[in-house]
Amino acid sequence: MCGAVTSFNDFSLDELGEAFDKLTKDMDNWKMPIHTTIHVRDWPVMEAACMWFTSSTLQEIAVIMPDRLLEVKADGYYKAVGP
């Protein structure tokens, strides 16, 4: 496949898909705004996955210690791209 995209921001499409599934696991519709918690170690791939699938930026809202969690949110696909 000449010219096929196989990665984004140094993550494979499989890595991005797994991360996005985890990021949106409690959502009924992945295109809606995202508001969840993630582990700090997952930030780089989650940030890239959110941009890849929704064209919206994942934002850090708060750090939850001592569990090393981040509260994050993003506008989601509908707001970033449209219906």
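Numbering (the numbering used here), first residue to last: 3 to 85.
Cβ coordinates follow ideal geometry from the N, Cα and C atoms, glycine included.
- Between the C-alpha atoms of Trp32 and Met67 there is a straight-line separation of about 27 Å.
- Comparing C-alpha distances from Asp69 to each of Ala50, His41, Val47 shows the shortest one belongs to His41.
- Rounded to whole angstroms, the gap between the alpha carbons of Met53 and Tyr79 is 9 Å.
- In the DSSP assignment, Leu15 is bridged to no other residue.
- Going by beta carbons, Lys75 and Gln61 fall inside the 8 Å limit.
- DSSP places Leu72 within a strand segment (E or B) once states are collapsed to three.
- With 16 or more other CB atoms across the displayed protein chains lying within 10 angstroms of its CB, Ile36 is buried.
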